[in-house]
Amino acid sequence: MNGFLHTARIEWMKVKNYRTFWILLGIIIVCIPAFNYVIFDVTNNTFPKVNGKNLLGNPFSFPNVWKTVPYNAGLLLFIPAILIITLLTNEFSYRTHRQNIIDGWSRGTFISIKLWETVLLSLFVTGIVFFTCLYFGFHTREPGTAGPGWEQFRFVIFFFVELLSYSMIAVIFAMMIRRAGLAMGIFFLYMIVEQFVVSLGRNKYKVDWVDYLPEEVTDRLIPQPFAPRMLTPDHMNTWEKHVPVYLSLAVIYLLIYILFVSWRFYKSDL
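Residue numbers (the working numbering): 951 to 1220.
This is the structure in structure tokens:
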């Protein structure tokens, strides 16, 4: 434990005065609630109302907000990915990873602390999503309506799984390419290509296996929260039955990512 804390302190020394780290972290902190507020304002003031009720229902009130905010935040997952790629590629650009090994770190120690950084950042961003849910839920709550509806809190956990999956993919590209700009470009290209494959496979070729690709399987953990009346009970029942499958595959993918990243760093030249 002492060794881990010592390693963590060294990592903190690397980033505490790094301006880009704080700028990107600040963007994450601001963008998640701000982006949700923009969508809240649009849905609340733009869409027509019938008998005083919005056609979209109340996506930002309890318990719907537990699904709405994570779904919207899922559209911003590229920002934490940029931060992760920046931090990890800096290790290779400035040769600090080599200096750590020279100073006595094992390769396992180095890669472990990087993986823990990824987990901690994902937890931090998930915390922002959680408090954003609480803000909108209590802000839009009307007297006499239902409470927070903690049973829907699972969507915040699903968001954490989704974020961690995207973040680990970013780690893979950063580890393999070691140049920030190129790694970011290929990361975005991968996201676009997979979505193209999913759309083509689902709409043109009518195949189901595209739903289980790494990016898609975590995206499906949080169904769209707007216009819920368009989702039939059969659709929701089908989704509920697939949730354990999506979670299991997401965990399997995460294990594969961790094993691949560890193997890659052990085998690569410093």
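For every residue, glycine included, the Cβ atom is placed at its ideal position computed from N, Cα and C.
- Taking 8 angstroms as the cut-off, the beta carbon of residue 1112 is found no closer than this to the beta carbon of residue 1032.
- Residue 1199 sits close to residue 1162, with the two beta carbons spaced by under 8 angstroms.
- At a Cβ-Cβ threshold of 8 angstroms, residue 982 and residue 1023 count as neighbours.
- Residue 1057 holds the alpha-carbon nearest to the alpha-carbon of residue 1212 among 1028, 1057, 1011, 1039.
- For residue 1125, the closest alpha carbon among the candidates 1149, 1036, 1106, 953 is that of 1036.
- DSSP places residue 1157 outside both helix and strand once states are collapsed to three, so it counts as coil.
- Sixteen is the threshold: since fewer than 16 other Cβ atoms of the shown chains lie within 10 Å of the Cβ of residue 1186, the residue is exposed.
- With 16 or more other Cβ atoms inside 10 Å of its own Cβ, residue 1170 counts as buried.
- Between residue 1020 and residue 1109, the CB-CB gap stays under 8 angstroms.
- In the structure shown, the three-state DSSP call for residue 1172 is coil.
- Residue 1207 and residue 1122 have their C-alpha atoms spaced approximately 7 angstroms apart.
- In the three-state reduction of the DSSP assignment, residue 1065 falls in the helix class.
- A direct Cα-Cα distance of roughly 14 angstroms separates residue 989 from residue 980.
- Contact annotation: the stretch 1097 to 1107 does not touch the stretch 1040 to 1048, with fewer than three C-beta pairs closer than 8 angstroms.
- Considering only 1025, 1016, 1062, 1028, the residue with the shortest C-alpha distance to residue 1216 is 1062.
- A distance below 8 angstroms separates the beta carbons of residue 1175 and residue 1018.
- The beta strand (DSSP E) runs lying completely inside the stretch 1103 to 1148 and spanning 3 residues or more number zero.
- In this structure, residue 1068 places its C-beta atom within 8 angstroms of the C-beta atom of residue 1034.
- In the structure shown, residue 1092 falls within a coil segment according to DSSP collapsed to helix, strand and coil.
- Apart from the 5 residues on each side of it in sequence, residue 1026 sits with its Cβ closer than 7 angstroms to the Cβ of 981, 982, 985 in its chain, given in chain order.
- The Cβ-Cβ distance between residue 1042 and residue 1050 does not fall below 8 angstroms.
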